[in-house]
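**Q**
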Amino acid sequence: MGMNTDGARRNVSDGVGMILLGSCAGWSLITAAARDGRPEGMLLAVLAVAAGYASGRISGALLPVAAPCAGAVAGLALAVAEPGLSPGLRYAAPLGQADATAALLTLATGAACCAAWATPVPALRLAMRVLAAGIALTGAVMGSTAGCAASAVVLLCSLAAGAMPHRGAGVAGLALAAALMAGAIWAVAADALPGGLADALDSRFTGHRVQLWHEALRLADRDTALGAGPGRFGELSPTAQQSLTPDGRPHSAPLQQAAEQGLVGVLLLAAAFGWMLYALWRGPRSTPVVLSAGTALTALAALAAVGNALSFPTVTAGAGLLAGWATARSWAGEGVEQPL
557 MGMNTDGARR NVSDGVGMIL LGSCAGWSLI TAAARDGRPE GMLLAVLAVA
607 AGYASGRISG ALLPVAAPCA GAVAGLALAV AEPGLSPGLR YAAPLGQADA
657 TAALLTLATG AACCAAWATP VPALRLAMRV LAAGIALTGA VMGSTAGCAA
707 SAVVLLCSLA AGAMPHRGAG VAGLALAAAL MAGAIWAVAA DALPGGLADA
757 LDSRFTGHRV QLWHEALRLA DRDTALGAGP GRFGELSPTA QQSLTPDGRP
807 HSAPLQQAAE QGLVGVLLLA AAFGWMLYAL WRGPRSTPVV LSAGTALTAL
857 AALAAVGNAL SFPTVTAGAG LLAGWATARS WAGEGVEQPL
């Protein structure tokens with residue numbers, strides 16, 4: 557009876573997730589029609605997440621160890637082979653190398669950690685952790701400071717997850733960390749921080765990026781309901797137009813949503829992230845697998861708060877894949893754990 561109830565709750569979670577993703581796509585179409593915007597970017601991101609999540613659920617059920625292992629290797633190979641994934645400055649503070657490269661390294665580390673906890677073979681588990689450590693070192697060699705740091709955090713948190721008896725506190729902590737990061741960036745954009753703290757944070761970012769955040773918040777204030785329209789930040793921001801390599805984005809996913817799709821867009825973005833964490837919490841996989849994936853997705857959210865990581869389909873599809881692997885129910889019935 558309990559297992560049937562858990563299965564029903566997971567089905568509800570999946571249904572809510574698809575409704576949320578559909579709402580993100582629908583709202584982008586509504587705001588685009590109202591403001592003559594271009595919703596293609598948001599539609600592609602939603603499609604990539606949905607496709608990645610479905611693929612992760614299927615491959616994770618069939619190959620709970622091999623699928624995330626292959627994903628980790630593929631993510632690392634893509635980050636190394638295509639270091640110029642971001643059209644912006646290649647070495648832009650504080651992310652170091654391209655935003656997408658740092659995000660791919662982070663997701664690859666999370667996949668390796670999930671594979672490590674999913675296998676019962678000690679030698680293979682050690683090999684997966686060595687791979688995760690190698691991914692972090694690769695980020696350092698490539699000059700991706702954020703990729704190296706985020707990968708190291710994911711690996712350390714994954715190791716610590718083995719000693720955590722209940723996942724609820726861990727998932728709540730991840731949600732709080734993401735909220736604090738987004739709130740800090742919003743406060744920087746609004747000049748709402750105390751002098752000392754504001755100076756400390758401003759020193760971590762270029763003046764150009766902070767100015768983009770200021771203009772994104774000003775656009776959001778002009779129309780809190782609908783925003784300026786998807787894809788229109790670049791044409792309405794003087795700072796973006798004056799960039800040496802203009803990409804039309806404010807380098808912050810929450811602020812871009814606020815500027816282009818209003819308050820509803822921000823709430824939908826937050827709800828989509830919250831749904832992923834909820835799906836992990838309710839998922840059947842072991843607590844270390846869940847928290848490893850959750851840490852990687854939270855690190856991705858932090859990168860997206862200060863960069864353009866979510867503007868690339870490879871990254872959004874990778875996030876969906878990782879969430880799918882960490883919530884898949886093995887057909888063999890192994891590794892099933894009651895969430896707490």
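Quick note, the numbering used here runs 556 ahead of the 1-based positions in the sequence shown.
Where a beta carbon is used, it is the ideal one built from N, C-alpha and C, also for glycine.
My assumption, with CB atoms under 8 Å, is that residue 708 sits in contact with residue 692. Please give the rounded CB distance.
**A** Correct: roughly 5 Å between the Cβ atoms.
**Q** DSSP state of residue 797, grouped into three classes?
**A** Residue 797: helix per DSSP, three-state reduction.
**Q** Is residue 859 closer than 9 Å to residue 849 when the C-beta atoms are compared?
**A** No. Outside cutoff.
**Q** What does the alpha-carbon distance come out to for the pair residue 761 and residue 798?
**A** So the two alpha carbons sit approximately 18 Å from each other.
**Q** Beta-carbon separation of residue 705 and residue 690 under 9 Å?
**A** Their beta carbons are not under 9 Å apart, which means residue 705 does not touch residue 690 by this criterion.
**Q** Is residue 694 helix, strand or coil by DSSP?
**A** Residue 694: helix per DSSP, three-state reduction.
**Q** Could you tell me which whole alpha helix (DSSP H) segments of length 4 or greater appear in the region 685-769?
**A** The qualifying runs are 701-717, 723-745 and 751-758.
**Q** When we look at the beta-carbon of residue 655 and count the other beta-carbons within 10 Å, is it buried (16 or more) or exposed?
**A** Answer is buried; the Cβ neighbour count reaches 16.
**Q** Helix, strand or coil: which one does DSSP assign to residue 842?
**A** Coil at residue 842, not helix or strand.
**Q** Tell me which residue opens and which closes the alpha helix (DSSP H) that residue 885 is part of.
**A** Run containing residue 885: none; DSSP gives neither H nor E here.
**Q** Can you tell me where the alpha helix (DSSP H) holding residue 783 begins and where it ends?
**A** No alpha helix (DSSP H) holds residue 783; DSSP gives it neither H nor E.
**Q** Specify, as a first and last residue, the run of the alpha helix (DSSP H) that residue 615 falls within.
**A** Unbroken alpha helix (DSSP H) run through residue 615: 596-618.
**Q** Which whole-angstrom value describes the C-beta separation of residue 590 and residue 886, a residue pair presumed to lie in contact below a C-beta threshold of 8 Å?
**A** That belief does not hold up - the Cβ atoms of residue 590 and residue 886 are roughly 46 Å apart, past 8 Å.
**Q** Does DSSP classify residue 862 as helix, strand or coil?
**A** Residue state, collapsed to three classes: coil.
**Q** Looking only at C-alpha atoms, which of 582, 853, 803 and 770 sits nearest to residue 811?
**A** For the residues 582, 853, 803 and 770, the minimum Cα distance to residue 811 belongs to 770.
**Q** Looking only at its chain, what residues have a beta carbon closer than 6 Å to the beta carbon of residue 652, apart from the 5 residues adjacent to it on each side?
**A** Low confidence applies here, because residue 652 scores a pLDDT of 36, under 50, leaving its location unreliable; read the following figure in that light. So the qualifying residues of the chain are 699, 700, 701 and 702.
**Q** Which of the three DSSP states, helix, strand or coil, is assigned to residue 579?
**A** Residue 579: helix per DSSP, three-state reduction.
**Q** Compare the C-alpha of residue 873 against each of 636, 613 and 786 and name the closest.
**A** Selected option, being the one with the closest Cα: 613.
**Q** For residue 686, does the count of other Cβ atoms within 10 angstroms reach 16, so buried, or fall short, so exposed?
**A** Exposed.
**Q** For residue 814 and residue 823, I'd like the C-alpha separation in whole angstroms.
**A** Taking the straight line joining both Cα atoms gives about 9 Å.
**Q** Measuring CB to CB, does residue 710 end up less than 9 Å from residue 852?
**A** Yes, these two residues count as a Cβ contact at 9 Å.
**Q** Leaving out five residues before and five after residue 620 in sequence, what residues of the same chain have Cβ atoms less than 6 Å from its Cβ?
**A** Closer than 6 Å at Cβ, skipping near neighbours: 674 and 886.
**Q** When we look at the beta-carbon of residue 788 and count the other beta-carbons within 10 Å, is it buried (16 or more) or exposed?
**A** Answer is buried; the Cβ neighbour count reaches 16.
**Q** Anyone know if the C-beta pair for residue 862 and residue 765 falls short of 9 Å?
**A** In this structure, residue 765 lies closer than 9 Å to residue 862 by Cβ.
**Q** Answer yes or no: the CB of residue 868 versus the heavy atoms of the ligand COA, is any distance below 8 Å?
**A** In the structure on display, the ligand COA does not appear, and there are no ligands present to speak of.
**Q** Using alpha carbons as the reference points, say which of 881, 817 and 669 lies closest to residue 717.
**A** Per the Cα distances, 669.
**Q** Give the C-beta separation of residue 661 and residue 633 to the nearest angstrom, bearing in mind that I take them to be a contact with Cβ-Cβ under 8 Å.
**A** Incorrect: roughly 11 Å between the Cβ atoms, too far for contact.
**Q** Among the candidates 667, 638, 637 and 603, whose CA atom is the shortest distance from the CA of residue 626?
**A** Out of 667, 638, 637 and 603, 667 has the C-alpha closest to the C-alpha of residue 626.
**Q** Looking only at its chain, what residues have a beta carbon closer than 6 Å to the beta carbon of residue 879, apart from the 5 residues adjacent to it on each side?
**A** Result list for residue 879: 609 and 832, in chain order.
**Q** By the DSSP assignment, the alpha helix (DSSP H) with residue 636 in it spans what residues?
**A** Run containing residue 636: 622-637, per the alpha helix (DSSP H) assignment.
**Q** If you count every other CB in all the chains shown that lies within 10 Å of the CB of residue 722, and 16 or more means buried, which is it?
**A** Exposed is the call here.
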